[in-house]
Amino acid sequence: MSRDNPTPQKFTCPLLEIRDLNLDFGTPRGRVHALHNVSLDVPAGQVVGIVGESGSGKSTLAYTVMGLLAENAEVTAGSIVFEGRELLTMPAQARRSLLGDRLSMIFQDPMTALNPVRTIESQMIDIQHHEQVSRSEKRARALEMLHRVGIPDPQSRIGAYPHHFSGGMRQRVCIAMALLVKPALLVADEPTTALDATLEVQIIHLLKDLQKEIGCSILFVSHHLGAVAELCDRVAVMYAGEVVEQGAVRDIFHNPAHPYTRALLECDPGRIKKSTRTLPTIPGEVPSLLATKVGCIFRSRCRHAFDRCEQENPVDHPIGFDHVARCHLLVEERLVPA
Ligand code: SF4
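Numbering of the sequence shown is given in our numbering, commencing with residue 974 and proceeding in unit increments.
Structure below.
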């Protein structure tokens, strides 16, 4: 018995709605404010990318949605509504039952995501535990999905262990497992980071095809802007735990408004026209998230910073249809065209 995903028309509100989310990690050095005032929607049937430097909070946000955070994490404010239900106050068992059913995840490292002492077959059958069908039917589905993700001769490979597969093939197996359950939302945390460039392109195309076929939404975390441009409908740019800009992929890539988004795009090797031996970087470092700061979180690295940036936190400012950025320059209409 298969469970088709709800069509996009079935939910009038976004499939996933994150509002004003704050999350801290308790550490011996104090509380680390890992997410600050994060609001983000994932509409049904769409792919939403999250980009930003390492330490910007991308993966923390993904793990928060999945409810897979470390014990020292504490959500201090906000809400995460998925299919109309608040995840943060949901009983633990009810939330767990969503995993591998309505919500599934692809992790960055396929070797640690798979159980090394169990065959692919047993893991792919186990992940279908929500399905009321026979073991042979589950196996047939697993074979079909392995074939779909490009594993050659799945009939003979399904009995192998993860270490029998290359890194690219292991990630294909992980994608097959994540999509086998026909989730409503797939959270993909840097799924191509451990792969070489050729494999990355293949995996992106595979994800794109399968997303269309299954009709699920994807929350796609990546630091690779080219992959995000290729796969996503919408993009959220994160910096130091905040979403500083978000909008349709064409707006973010062709009409970026926040100085951080612009700097990030300027550093993208795929957009550098001249041949160079030195790749550009954004001067300075991501600030410590230990203290609560007043003012713009990007001000120490921003070449446009002015007095107001020190004194006041910027808030989301609408730029166009469904395109917002947090920067005082936009309110004061001082930002020069990119
Ligand atoms: Fe730069 Fe100020 Fe805008 Fe922050 S608010 S990005 S510091 S100009």
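In this text, a Cβ means the ideal position worked out from N, Cα and C, and glycines have one as well. Only a predicted model underlies this, so the values are computations on that prediction, with no experimental measurement involved.
Start and end residues, beta strand (DSSP E) containing residue i
i: I994; result: Residue 994 is actually Leu in this sequence, not Ile. From DSSP, the beta strand (DSSP E) with L994 extends over L989 to T1000.
i: N1212; result: Before going on, a small fix: residue 1212 reads as Tyr here, not Asn. Segment R1207 to Y1212, the beta strand (DSSP E) holding Y1212.
i: P1256; result: Neither: P1256 is in no beta strand (DSSP E) and is coded neither H nor E.
i: M1078; result: L1076 to I1079
i: Q1219; result: E1215 to A1221
i: I1023; result: V1020 to V1024
i: D1014; result: G1003 to V1015
i: G1293; result: D1289 to G1293
i: S1190; result: S1190 to V1194
i: A1065; result: Counting along the chain, A1065 falls outside any beta strand (DSSP E), though it belongs to the alpha helix (DSSP H) covering A1065 to L1071.
Residue burial classification, residue i (beta-carbon count within 10 angstroms, cutoff 16)
i: R1299; result: buried
i: Q1271; result: One detail in the question is off: residue 1271 reads as Phe in this sequence, not Gln. Answer is buried; the Cβ neighbour count reaches 16.
i: E1047; result: exposed
i: T980; result: Below a pLDDT of 50, predicted positions are generally treated as unreliable, and T980, at 44, falls in that range; no measurement from the model is reported.
i: Q1081; result: buried
i: G1025; result: buried
i: K1111; result: buried
i: R976; result: Residue confidence is low: R976 scores 46 on pLDDT, short of 50, so the model does not pin down where it sits. Its coordinate-derived value is still stated next. The residue in question, R976, is exposed, as its Cβ has fewer than 16 Cβ neighbours within 10 Å.
i: K1185; result: exposed
i: A1065; result: exposed
i: T1037; result: buried
i: F1193; result: buried
i: C1189; result: buried
i: L1237; result: buried
i: F1138; result: buried
i: C1147; result: buried
i: K1247; result: exposed
i: C1275; result: buried
i: A1067; result: exposed
i: R1145; result: buried
i: H1136; result: exposed
Residue range of the unbroken alpha helix (DSSP H) whose run includes residue i
i: I1315; result: Since the first residue of the chain shown is 974 and the last is 1311, residue 1315 is not available in this structure.
i: H1301; result: H1301 to V1304
i: L1238; result: P1232 to E1239
i: H1178; result: A1170 to I1187
i: V1146; result: G1140 to L1153
i: G1199; result: L1198 to L1204
i: S1032; result: K1031 to M1039
i: E1283; result: D1280 to Q1284
i: S1129; result: P1127 to R1130
i: S951; result: The shown model of the chain, from 974 to 1311, leaves out residue 951, and the question about it has no answer.
Contact with chain C by residue i, beta-carbon distance below 9 Å
i: G1018; result: No chain C appears in this structure, which consists of one protein chain only.
Supposed contact pair residue j and residue i - C-beta distance, whole angstroms, cut 8 Å
i: F1226; j: A1202; result: 6 Å
i: G1214; j: A1007; result: 5 Å
i: C1282; j: G1293; result: Not quite, the Cβ-Cβ distance comes to about 23 Å (not below 8 Å), so this is no contact.
i: D1241; j: L1198; result: 5 Å
i: G1022; j: S1195; result: 6 Å
Task: Those residues, in chain order, that have a beta-carbon closer than 5 Å to some heavy atom of the ligand SF4 - done: My final list is P1232, C1269, F1271, R1272, C1275, H1277, A1278, C1282, P1287, C1300, H1301 and L1302.
Task: the region 1051-1062 touching the region 1085-1105, judged by at least three CB pairs closer than 8 Å - done: These segments do not touch.
Task: Cβ contact (3+ pairs, closer than 8 Å) linking the region 1212-1220 and the region 1001-1021 - done: yes
Open item on the list: Within 8 Å, do at least three Cβ pairs link the region 1001-1009 to the region 1258-1274?
Closed with: Yes, the region 1258-1274 is in contact with the region 1001-1009.
TODO: Inspect the CB distances between the region 1159-1166 and the region 1208-1217 and report whether three or more fall short of 8 Å.
DONE: Counting Cβ pairs under 8 Å, fewer than three are found: no touch.
- [ ] Could you tell me whether the region 1084-1096 touches the region 1169-1178, where touching means 3 or more Cβ pairs closer than 8 Å?
- [x] no
Task: the region 1068-1081 touching the region 1152-1159, judged by at least three CB pairs closer than 8 Å - done: Counting C-beta pairs with one atom in each stretch, the region 1068-1081 and the region 1152-1159 have three or more that are closer than 8 Å, which means they touch.
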